[in-house]
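For reference, the structure discussed in these notes is given below.
Protein chains in written order, with our numbering: chain A, 221 to 1232; chain B, 420 to 766.
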């Protein structure tokens, strides 16, 4: 029996959605399953995301819509898997789809039923802080936009009373007789992405979790959110007043073996810092303290964010864990804690207590694991190996996201893509067998006369709370050629897409302007809506009245409304001049180039090759293996050779991988789908052609010269220590001192290198087990995050001594004496050491600069490559066709690098799976008549798109050769730099032509022209 | 690796913030762990610790602070033991003298599977005659109640259980007592050993390795048949409560006797200590602890406070019956068995 070219993804949070999109884009049928009524998972509940403070809903909402609109994805919601049979390649799933009591195909999502429903129920989306109705939509942007009746609280279903929703539903969608029904699916692979459930603090009664002003971090997230119960105002639940003193208590349900939760939840420190900063932004009078044991700010940009919290926002951090929340006789809350530095007991009065709750495995995970025969680790996570982070013990069943262990959003997204790569590799032969292309209606011809539709969005209260939206709607009606104008609570919701289509058809519109947020996140959504309405997508125009208006003029409502009108007027003026644009197709070389033969590069190459595409793997060293060759043991106690050796063997023997060692990429031209490169192997050149490139150039351990007397005898780095532990010490040490952050978290290198704490405890355990030495670890914060907290515990139990030092008073090394200022006793301590090990950070290779120039991709300020988006695009560059993974992006642990590598492979396979690809339509074009061949455009283009070519000019009697600029449509990103710098005005960016811009500018100045 | 697992301490300070002793002194469990674990230093806090068991209950890293204290004290001499160490000296003497036992009148009930041991009530009566408690009444009350419940237990010729010397660091004395008592108990052929003293109960149950089951008398007291309506509060001795997890049996026995039980602000798992265990210290700090506890009891409005540990009984009554009392408390502090036996008599 052949394999089935379909994948079931259980869990439709951001991990599941990412897997679904990558598989569906790569040509597989996807069933995205969730027990909830909507997709989006926990991320949809967040207010903003760290460390960039992007609005979570704004970045996830387009993904929700994309997943729901994708022709290859079927959403199967409100459904539980009841049984699974079959094997890898051929699974049969049975599901029970619970009755919504609302017909999905009839419900328009209008919400009248919700308005009229008399039964109120605590709202899960707002973490119980507000009420929803018994018939409800989980949240305003929920996808699909279909109501559900909560049978337990519906008066009709429980007592046969009421029945109001059925009466008011004009669409006849309410059906009290609806029954649960069984669904059967045939799939080739299963991806488990069941995420987490926030720890329930009722288990820790001493923190008074039932007190109204003691809330969880998830509840505080909702309070901070504009769509939350207090519209984003920081108010305490008991009396609705603004608090003054807020205290966060960390590790509630984490790092606490006492209650069976010994792992660190990885994200709570950053979540607390984020929430503290947002709260301070909302109310600068707040006095916020975060009680913690260690602040685990280990990810990219996290340490810098933590620094800002202290310095810019005055957030206080106290290293102490209050044992309880107390209430005094006057009813005032306070916590009692030991000031470790002063050795004093202190009381801190608090108006609001936020419990930073950890990530518990979701209840579904255990059930599914037993159904699927999956092993769970001691923490309840699906068991995986360091070298196979996405694979479970059951062949054909993959896991991604928090189900595999606590992690943040970018790691979850990378794993989501990675699991897609694993599933698609398994089913590579079945690619494209079960999918359908989305067919849009044929584009209508556009008559001369513009007929413009306008929709003005409230964006919940993001816009509507500041701008008088109805007034803007009325104003728009007065503008030339506007034939329709209306408002919307969320223009981006699914029902409003239907609405736009109907409007275009009924009112014969040929331009559409949405006044809401930013094209960055939402343009494609509305463009596709236009396509659905048989209009060219480029006849859509955005008027950004949120980022450009309501958000920045919160306290000037009247002026903001005036400005919103101005912005709409500009958008309408420009839209009068919009013209249909078309894309073109370019062939794709279905081969990948992977640069870097470390663990990430090799994994990525292997995954791409296993998906059926040839790969060139280039490594500048003579041997494959990268930094891991210098590491001798893994966190799980295995030897690193246990994973490198088989990987190298698999790479070398793979028929589709061609390995070039001792080789560098010397030259590069071309663009996504059509790259041409020159490889240089010690002077020997190879010309290669490829469609995508993955940068996996890794990182190096810093040579910590200038820190702690490095260079003197017996002062080594952790990698040196790995080597010594493997090959033996000259003389076994008796007193070992490890110094953490040796060259990291310092002004010249402000980032945390993420891996060094885990590395240090791993090596400390090894020393303890293999020698009789005393081991001291001098640290600032122990950042043994996630499941690796267990190594910290083990090291402690083995007698490794941990001493905290402060940034202000780092240890001093003189000869064999390490002097450290012990904060806990307030005194300098001298330790005689015969071995001093510096935990030096990973640093980006200097050669990144050349590669960045070659590919024209950006680097961050620490010299690592900069991904397209910190949260949702962790393995991509802004430049299409160029991907990244592993420590080239930022320091990370082995399993994290491997997951990212698989993620990058998935992205590569999506591009390589097509014989030809479509170019962007909004690109720059050259009017060759005006081009004088000066080459300015070639110099300014960040994407290598323009080239000067020689053409023959025929001017009546004169014929001559001249240079002319030609812009490659596959490489042009439409940024407009060339057009702005072209001295003759020969270059015009489509969608932003000079007449269009001019019309907008004139409209801004108040000149409303009726175009002829 | 030490049994106490102090190495796991990650210095969060929860123990110090919750330590009842910290409310009356500068003691810091966290810092004593740190000093010992990192620097191998002793601290005086080791000796002020009540071993009440509150901090290990809260410790996220499950550090067994009680074992740590026991280990730290072992073999070391503490000069300030309360009552000039008379009780430990007695125990030491007893451990060395052949045939000496706490129980002078051995009662042989040939066909009983049960034995009852009253603990050192006679010595308490001898040395603590001024606190206003008849400790011997606990033994007679216990026998009455057990007989009423249809149990005619043997009285074994046991020596001191060794509780105090164990917690005072005198492991050698303790080991001798264990050796003697274990033989008597195991050879007696009983199936169940019943104790009325919380300290004896904890010690026989956890620090001995006995053949018979070790049970606290409160588990046999539900059936007095009395119906005496009075308002009482119950003080959980740390040895019965946090050490042994027995919170319900004494409460159920009280309720069954018709008593209305009102709880103090701190009760069951987070009950406050009487201020002293193992006769370690008697000073301003331990007295302050007692003030805290009796204030809580007074605030309940109950006229009777029931407990089931001779130390709690001695210390709380001692404060109440001071000749020049700094503070007056209008509350009787009575042992559970005595309270219930009196009800039985009155019936």
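Ideal placement from N, C-alpha and C gives every residue a C-beta, glycine not left out.
Residue-level contact to chain B via CB, residue i, 9 Å cutoff
| i | result |
| --- | --- |
| residue 1049 (chain A) | yes |
| residue 1024 (chain A) | yes |
| residue 475 (chain A) | yes |
| residue 1044 (chain A) | yes |
| residue 706 (chain A) | no |
| residue 544 (chain A) | yes |
| residue 568 (chain A) | no |
| residue 774 (chain A) | no |
Contacts of residue i in chain A (Cβ-Cβ under 7 Å)
| i | result |
| --- | --- |
| residue 478 (chain B) | 478 |
| residue 432 (chain B) | 540, 541, 557, 558, 560 |
| residue 424 (chain B) | 1017 |
| residue 441 (chain B) | 565 |
| residue 519 (chain B) | The contacting residues do not exist; residue 519 (chain B) stays about 43 Å from chain A at best. |
Burial state of residue i, where buried means 16 or more other Cβ atoms lie within 10 Å
| i | result |
| --- | --- |
| residue 625 (chain B) | exposed |
| residue 420 (chain B) | Here the model assigns residue 420 (chain B) a pLDDT of 41, short of 50, so the residue's position is not dependable, and the following value carries that caveat. Label assigned to residue 420 (chain B): exposed. |
| residue 669 (chain A) | exposed |
| residue 921 (chain A) | buried |
| residue 547 (chain B) | buried |
| residue 502 (chain B) | exposed |
| residue 233 (chain A) | buried |
| residue 674 (chain A) | buried |
| residue 857 (chain A) | exposed |
| residue 686 (chain B) | buried |
| residue 833 (chain A) | buried |
Chain-ordered neighbours of residue i on chain A, where CB pairs are closer than 8 Å
| i | result |
| --- | --- |
| residue 427 (chain B) | 1013, 1016, 1017 |
| residue 435 (chain B) | 558, 565 |
| residue 697 (chain B) | Chain A residues near residue 697 (chain B): none, gap ~25 Å exceeds 8 Å. |
Chain B contact residues for residue i, given Cβ-Cβ distances below 8 Å
| i | result |
| --- | --- |
| residue 1105 (chain A) | Correct list: empty, because the minimum Cβ distance to chain B is about 33 Å. |
Cβ of residue i within 9 Å of any chain A Cβ
| i | result |
| --- | --- |
| residue 661 (chain B) | no |
| residue 704 (chain B) | no |
| residue 633 (chain B) | no |
| residue 497 (chain B) | no |
| residue 676 (chain B) | no |
| residue 514 (chain B) | no |
| residue 420 (chain B) | At residue 420 (chain B) the pLDDT is 41, less than 50, meaning the model places this residue with poor confidence; the figure from the coordinates comes in the next sentence. Output row for residue 420 (chain B): interface = yes. |
| residue 454 (chain B) | yes |
| residue 687 (chain B) | no |
Chain B residues whose Cβ lies nearer than 7 Å to that of residue i
| i | result |
| --- | --- |
| residue 972 (chain A) | The contacting residues do not exist; residue 972 (chain A) stays about 19 Å from chain B at best. |
| residue 981 (chain A) | Those within 7 Å of residue 981 (chain A) in chain B number zero; the least Cβ separation is about 12 Å. |
Within chain B, the residues that residue i reaches when beta carbons sit closer than 9 Å
| i | result |
| --- | --- |
| residue 471 (chain A) | 431, 479 |
Distance cut-off 8 Å: residue i Cβ against heavy atoms of the ligand NAD
| i | result |
| --- | --- |
| residue 1123 (chain A) | With respect to small molecules bound, the structure shown includes none, and the ligand NAD cannot be examined in it. |
For residue i, the residue or residues it bridges with in DSSP
| i | result |
| --- | --- |
| residue 1167 (chain A) | A:1186 |
| residue 526 (chain B) | B:574 |
| residue 915 (chain A) | A:815, A:1104 |
| residue 481 (chain A) | A:476 |
Contact list for residue i against chain A, beta-carbon separation under 9 Å
| i | result |
| --- | --- |
| residue 666 (chain B) | What residue 666 (chain B) touches in chain A: nothing, since even the nearest Cβ is about 15 Å away. |
| residue 457 (chain B) | 996, 1021, 1022, 1023, 1042, 1044, 1045, 1049 |
| residue 450 (chain B) | 558, 560, 563, 1044, 1045 |
Worksheet item: What residues from the stretch 494 to 526 of chain A come within 7 Å of chain B, judged by C-beta to C-beta, listed N to C?
Response: 513
Item to complete: Below 8 Å between beta carbons is the criterion; list the residues of the stretch 422 to 437 of chain A that meet it against any residue of chain B, in chain order.
Response: 426
Fill in: Contact list for the stretch 617 to 632 of chain B against chain A, Cβ threshold 7 Å
none
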